[in-house]
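Chemist: Sequence order for the protein chains is A and B. Numbering follows the numbering used here, with no gaps: position 77 of the first sequence is 77. Take any residue in the second sequence, count from 1 to its spot, add 1000: that is its number in the numbering used here.
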Amino acid sequence: MSLDEPAVESHDAQHRNPTPPNNLRWILRIGDSISVSCMWLSGAAMGLIILICGINVVRRYVLGSVWSWAEEAMLFLMIVVVFLGAVTVTWNGAHLSLDMLVNRLQPSFRAVVLWLGVTVAVITLCVCSVVSFQVVKLLYDYNQKSQALELPLWMPQGLICLGFGLMAAMAVLRAVLVRASREELPIQ
Amino acid sequence: MSALVLFGLPVVLITIGIPIFLVLLLTSIAGILILGVGDLFVIHTAVFGSLDSFPLLAVPLFVVAGDVMARGGIAQRLIELILSVVGGVRGSLPMATILSASAFGAMSGSSVACVAAIGKLTLPALEKNGYGRTFGVSLITSTGVLDVVIPPSIPMIIYGVVAQQSVTDLFLAGIVPGLIIACALCLYVFLRSVWMRSPVGGKPSLATIIPALKRSTWAVITPVLILGGIYGGAFTPTEAAGVACWYSILISVYVYRELTWLEVFRITIESCVLVAQIMILVAAAGAYSWLITTSGMPAALVEFIKGLHLQGWSLLLVINFVLLTIGSVLEPPAAILILTPLLTPLIADAGINPLHFGLVITVNLAIGMSLPPFGLNLFASHALFKVPLPTLYRGAIPFLTIYIAILILVTYVPAITLEPVRWLRAFN
């Protein structure tokens, strides 16, 4: 097992992105790079959660005291895991959905439904990202900090904005790839 | 108009294959804009707020722990031990499969992982001993239910967070239903084996049990550590999940030597995909749940149901039907996140204990995963074991009959779920 391999290899073939023509390979490379980076960061955050949780349990039973900031840190790290992990999931088209009915449609209807899905996804994610940005900006302006860690709150909450934005970008890149390769893949 | 936006829109969007977390977000945005019940900022605060919950941290930790156990040799050794102990009676091999799924369920919380791990190890033996591929795969598919019902269970954690119930109490409430399901399945496979004159397995002997026990001592400690720690009050469910992670990693790396630290990190990275798939739903459901509550829909629904003059038992019957149907098309976490804010006011009004209802929801959605035609475990088995879906549908019928009978029992005899909680609370 080598860490040079793609970060996520356990997905079904249907979750692989299509192969675009040569002039659009750069899109695949950009998408893969963002996806792998997010997955690595997400994995590192998950590793830190496991580390902090384990150390805190040991501290409680051995030293009789806990890190008061541990709970807050783990919750912020969970946001990293979820929102960066979700970027990779978007790129792989692996979000939980009910696609059995769509897959039974005629190809022309399916194409319409799939492109409608892409449009809905991009609009929704963009709106969420913009709304999040406004909240994060307020938190930044008022210099709000978390209680235990005293971490500026715009940092963990900014990840939500970043995550939604990157998911929107990945949905667009994936749609372009599908369109260019003219393959009939589910687009999420 | 409210009903159209809150229920009609999500149904249409889910049906056309839009990812469920996007459906929840879009419905929330549409609800806020059309019904004028708040500001769009709420989306962000609700998304952040729904993840800002310590008990919820148990979900990613149990996912990683389950993956490490499945790939680090712990699950395999536990199954080998059970296979060596159970024997000498007709149907001992299918019984060992059921017990293995129960043991796996007591360590992890992922039903599909359970089907994959158990199936890989027991299906060849089932086929070799003349039980047939269809029966073997149907049995393995059906045992996925045990993993969801026997604690620790990810759907129970999510229900506990959404319905504001103690996750430890939910885990306690899940023990007896889980054991009843395991016993009922064992009885069925025994009677079937007698009827079909299946071969009697070799009698267990110390010569096979002792080496298997030696090999699996550390694996046997895993469920004891997790459940004993939670029920004994030593750990919260989140801490128990963290301890399970550490224990399984250290055993897999240093005792069994089946994983390196690099592989552990890789498993952690891969687990993040499943974690993100589940938890992004939790985040989005926070916004949807806020909208449902603010719109006053639960109160209207309570009034509507009151108007029907349904008694408690008939209300539960209707809810069971709805949950089974939805459970067959939606993943349990998604179904719980969407339905719990709507159903908890209803059951509170009908005087049904929310803890008991948590188990009713869990058992329903667990069965839904094996319910034709769309049950997720059926598709997982179809992909893993290459058995045609119609064959799996036929094979699932006897198991589903047993499950429905147990569901009725769990629904209408609350003592099954509530008594262990009362008993252990008194004991502690």
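The beta-carbon is built from N, C-alpha and C at its ideal position, and this holds for glycine as well.
1) By the three-class DSSP mapping on this structure, what secondary structure does A:P20 have?
2) Short of 8 Å Cβ to Cβ, which residues in the stretch 1072 to 1084 of chain B face chain A?
3) B:D1147 CB to nearest chain A CB: under 9 Å?
4) Are the beta-carbon atoms of B:L1274 and B:V1063 separated by less than 9 Å?
5) Using the Cα positions of B:I1018 and B:M1069, report the straight-line distance between them to the nearest angstrom.
6) Nearest-angstrom Cα distance between B:R1257 and B:L1418?
7) So which residues of chain A does B:G1038 contact, with C-beta pairs closer than 9 Å?
8) With 16 other CB atoms within 10 Å as the buried threshold, where does B:W1195 fall?
9) For A:K145, which residues does DSSP report across the bridge?
10) Show which residues of chain B have a CB atom less than 7 Å away from the CB atom of A:C128.
11) In terms of alpha-carbon separation, which member of B:P1373, B:A1287, B:A1335, B:H1309 lies closest to B:L1365?
12) Under 9 Å, Cβ to Cβ, is there at least one residue of chain A near B:G1160?
13) Note down the Cα distance separating B:S1053 from B:F1171, rounded to an integer number of angstroms.
14) Since B:L1301 is in the alpha helix (DSSP H), which residue starts that stretch and which ends it?
15) What residues from chain A crowd round B:L1371, counting only those whose CB sits closer than 7 Å?
16) For the pair the stretch 1140 to 1152 of chain B and the stretch 1309 to 1320 of chain B, tell me if three or more CB-CB distances fall below 8 Å.
17) Beta carbon of B:S1028: closer than 8 Å to some heavy atom of the ligand PLP?
18) Where A:L20 and A:S33 are concerned, what is the direct C-alpha to C-alpha distance, given to the nearest angstrom?
19) Taking the beta carbon of A:W91 as the centre, do at least 16 other beta carbons fall within 10 Å, making it buried, or is it exposed?
20) Closer than 7 Å by C-beta to B:L1121: which residues in its own chain qualify, once you throw out the five before and the five after it? Chain order, please.
21) Between A:E5 and the rest of its own chain, which residues show a CB-CB distance below 7 Å, the 5 nearest in sequence each way excluded?
22) Which residues in chain B sit within 7 Å of A:I160, going by Cβ to Cβ distance?
23) Please confirm whether B:P1010 has its beta-carbon closer than 9 Å to some beta-carbon of chain A.
24) Give the straight-line distance between the Cα atoms of B:G1049 and B:G1232, rounded to the nearest whole angstrom.
25) Under 9 Å between C-beta atoms, does A:P156 make it to chain B?
26) For chain A, find out if any of its Cβ atoms is closer than 9 Å to the Cβ of B:I1014; answer yes or no.
27) With 7 Å as the C-beta to C-beta threshold (strictly closer), list the residues of the stretch 77 to 102 of chain A near chain B in chain order.
28) Taking A:M39 as part of the alpha helix (DSSP H), name the residues at either end of that continuous run.
29) Beta carbon of A:V178, beta carbon of B:I1016: below 9 Å?
30) Distance, Cα to Cα, B:D1067 vs B:S1271?
31) Per DSSP, what kind of secondary structure is A:V131 in: helix, strand or coil?
32) When Cβ atoms are compared, which residues of the stretch 51 to 72 of chain A fall closer than 7 Å to chain B?
33) Which residues does DSSP list as the beta-bridge partners of B:V1200?
34) Leaving out five residues before and five after B:P1420 in sequence, what residues of the same chain have Cβ atoms less than 6 Å from its Cβ?
35) What three-state label does DSSP hand A:N103 in the structure shown?
36) State the DSSP-derived secondary structure class of A:H11, mapped to helix, strand or coil.
Modeler: Looking at the coordinates:
1) As a position in the first sequence, residue 20 of chain A is number 20, starting the count at 1. Looking at A:P20 - three-state DSSP - the assignment turns out to be coil, as it is neither helix nor strand.
2) With the criterion set as a beta carbon lying under 8 Å from some beta carbon of chain A, the stretch 1072 to 1084 of chain B has no members that meet it.
3) On the second sequence, position 147 is the one that residue 1147 of chain B refers to. No, because no Cβ of chain A sits closer than 9 Å to the Cβ of B:D1147.
4) For the purposes of this step, residue 1274 of chain B is identified with residue 274 of the second sequence, where counting begins at 1. For the purposes of this step, residue 1063 of chain B is identified with residue 63 of the second sequence, where counting begins at 1. Yes, these two residues count as a Cβ contact at 9 Å.
5) Your numbering for residue 1018 of chain B matches position 18 in the second sequence. Your numbering for residue 1069 of chain B matches position 69 in the second sequence. Approximately 33 Å between the Cα atoms of the pair.
6) Here residue 1257 of chain B refers to the residue found at position 257 when the second sequence is read from its first residue. Here residue 1418 of chain B refers to the residue found at position 418 when the second sequence is read from its first residue. Straight-line Cα distance between these residues: approximately 42 Å.
7) Reading the second sequence from its first residue, position 38 is the one you call residue 1038 of chain B. In chain order: nothing, as chain A lies at least about 12 Å away.
8) Sequence index remark: in the second sequence, residue 1195 of chain B carries index 195 (1-based). Flag for B:W1195 reads exposed.
9) Translated into the one-based positions of the first sequence, residue 145 of chain A becomes position 145. Answer is A:P152, bridged to A:K145.
10) Here residue 128 of chain A refers to the residue found at position 128 when the first sequence is read from its first residue. Ordered by position in chain B, the residues that pass the 7 Å Cβ test against A:C128 are L1025, I1043.
11) By one-based count along the second sequence, residue 1365 of chain B stands at place 365. Among B:P1373, B:A1287, B:A1335, B:H1309, the Cα nearest to that of B:L1365 is on B:A1335.
12) Counting from 1 along the second sequence, the entry for residue 1160 of chain B is found at position 160. Taking Cβ atoms only, chain A never reaches closer than 9 Å to B:G1160, which makes this a no.
13) As a position in the second sequence, residue 1053 of chain B is number 53, starting the count at 1. As a position in the second sequence, residue 1171 of chain B is number 171, starting the count at 1. Each residue's Cα considered, the two are about 18 Å apart.
14) In the second sequence, residue 1301 of chain B corresponds to position 301, counting from 1. Counting along the chain, the alpha helix (DSSP H) containing B:L1301 begins and ends at 1297 to 1307.
15) In the second sequence, residue 1371 of chain B corresponds to position 371, counting from 1. Near B:L1371 there are no residues of chain A at all, since even the closest Cβ is about 14 Å away, more than 7 Å.
16) No: fewer than three Cβ pairs fall under 8 Å.
17) Because no ligand of any kind appears in the structure shown, any question about the ligand PLP cannot be addressed here.
18) The residue labelled residue 20 of chain A in the question sits at position 20 within the first sequence. The residue labelled residue 33 of chain A in the question sits at position 33 within the first sequence. Here residue 20 of chain A is Pro; the residue named in the question, Leu, does not match the sequence. About 16 Å.
19) One-based indexing of the first sequence puts residue 91 of chain A at position 91. A:W91 is buried by the Cβ-count criterion.
20) The count along the second sequence starts at 1 and reaches residue 1121 of chain B at position 121. Around B:L1121, the same chain offers Q1076, I1079 as residues with beta carbons nearer than 7 Å, after the five sequence neighbours per side are excluded.
21) On the first sequence, position 5 is the one that residue 5 of chain A refers to. Residue placement at A:E5 is poorly supported in this model, since its pLDDT is 34, which falls under 50; the coordinates are not used for a value here.
22) Working through the first sequence from its first residue, we reach residue 160 of chain A at position 160. Result: H1044, V1047, F1048.
23) Along the second sequence, read from residue 1 onward, the residue named residue 1010 of chain B stands at position 10. So, not an interface residue.
24) Against the second sequence, residue 1049 of chain B aligns to sequence position 49. Against the second sequence, residue 1232 of chain B aligns to sequence position 232. Spanning the two alpha carbons is a distance of roughly 30 Å.
25) On the first sequence, position 156 is the one that residue 156 of chain A refers to. Interface residue, yes.
26) Here residue 1014 of chain B refers to the residue found at position 14 of the second sequence. Judged by the 9 Å Cβ criterion, B:I1014 is in contact with chain A.
27) M78, I79, V81, V82, G85, A86, T88, V89, A94, H95, L96, S97, L98, D99, M100, L101, V102
28) Translated into the one-based positions of the first sequence, residue 39 of chain A becomes position 39. Note, A:M39: alpha helix (DSSP H), 25 to 58.
29) Residue numbering aside, residue 178 of chain A sits at position 178 when the first sequence is read from its first letter. Residue numbering aside, residue 1016 of chain B sits at position 16 when the second sequence is read from its first letter. Cβ distance not < 9 Å, so A:V178 and B:I1016 don't count as in contact.
30) Residue 1067 of chain B sits at position 67 when you count from the first residue of the second sequence. Residue 1271 of chain B sits at position 271 when you count from the first residue of the second sequence. When rounded, the distance between both Cα atoms is 7 Å.
31) Mapped onto the first sequence, residue 131 of chain A falls at position 131. Three-state DSSP puts A:V131 in a helix.
32) C53, G54, V57, E71
33) Taking the second sequence and counting its residues from 1, one reaches residue 1200 of chain B at position 200. Beta-bridge pairing links B:V1200 to B:R1090.
34) Position 420 of the second sequence, counting from 1, holds the residue named residue 1420 of chain B. If we look at B:P1420 and ignore the five residues flanking it on each side, its Cβ neighbours are L1172, I1175, V1176.
35) For the purposes of this step, residue 103 of chain A is taken as residue 103 along the first sequence, with counting starting at 1. Helix, per DSSP.
36) As a first step, residue 11 of chain A is located in the first sequence; it is residue number 11 there, counting from the start. Unreliable positioning characterises A:H11 in this predicted model, as indicated by a pLDDT of 37, which lies under 50. The coordinate reading is nonetheless provided below. It is coil, neither helix nor strand.
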